[in-house]
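In our numbering, the protein residues as written are 1 to 212. All C-beta atoms, glycine included, are put in the ideal place defined by N, C-alpha and C. Keep in mind the model is a prediction, meaning the values are calculated, not measured. Below is one structure, written out as structure tokens; comments come after it.
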């Protein structure tokens, strides 16, 4: 049994399950519909696939060692997360003003699986912290004397597989609890909470590179 692989899987599972922008977007879109939640989950996994592919190819190292490029990606990612957060807060305000039927016309909610897929993908793919995380994590689980490329590919596949299990499970759970979660008052609280969390995260990502 590969003890290092099992240890990596445990660390990666914690990393994937850690609440953040990906988790928040999946929950928010799953409240709109099961298909939107599942599409968002697949999009997040697609974003992770991009990061793992970059790490395997060594391009993530280039990104990390070029401060201007890294900060540009950070600004883009922060701006997108901030946009999602402000959309969520706007959606909550519309619900409060226009009542329970507002969600049918809510501009902040996904209009279909395609848009949800893009939201999930961009939320993860534009996360500037991911390349640093993969570069610092993956090499620690490549045994001495073993070819790094096949091993890194295996580790990257584990991360993507865990994401394909975790995020759809979150979407299905939210949909399962949908009757309670979609109550007007509960929906406003969740929409507002997710919007505030994404807005705060987006502000951090946008302002951090400007302060350096």
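Here residue 143 carries a coil assignment [DSSP, helix/strand/coil]. Exposed is the label assigned to residue 179, since fewer than 16 other Cβ atoms lie within 10 Å of its Cβ.
Between residue 89 and residue 167, the alpha-carbon positions lie close to 23 Å from each other.
In the DSSP assignment, residue 31 falls within the unbroken alpha helix (DSSP H) covering 21-32. As the crow flies, the alpha-carbon of residue 134 is around 6 Å from that of residue 55.
DSSP, read as helix, strand or coil, puts residue 66 in coil. With fewer than 16 other Cβ atoms from the protein chains shown falling within 10 Å of its own Cβ, residue 140 counts as exposed.
Under the three-state reduction of DSSP, residue 175 is assigned to helix. With 16 or more other Cβ atoms from the protein chains shown falling within 10 Å of its own Cβ, residue 81 counts as buried. Looking only at 27, 164, 131 and 32, the smallest Cα-Cα distance to residue 45 is reached by 164.
Excluding residues up to 5 positions away in sequence, 125 lie with their Cβ nearer than 7 Å to the Cβ of residue 50 in the same chain. For residue 177, the number of other beta carbons within 10 angstroms of its own is below 16, and it is reported as exposed. When DSSP states are grouped into helix, strand and coil, residue 124 belongs to the helix group.
Between the alpha carbons of residue 121 and residue 192 lies a gap of roughly 22 Å. For residue 173 and residue 35, the gap between their C-alpha atoms comes out near 13 Å. Contact between residue 21 and residue 123 is confirmed by a C-beta separation of about 5 Å, below the 8 Å threshold. Counting along the chain, no alpha helix (DSSP H) covers residue 138, and no H or E run does either. It is roughly 27 Å from the alpha-carbon of residue 53 to the alpha-carbon of residue 30. The beta carbons of residue 16 and residue 162 sit closer together than 8 Å.
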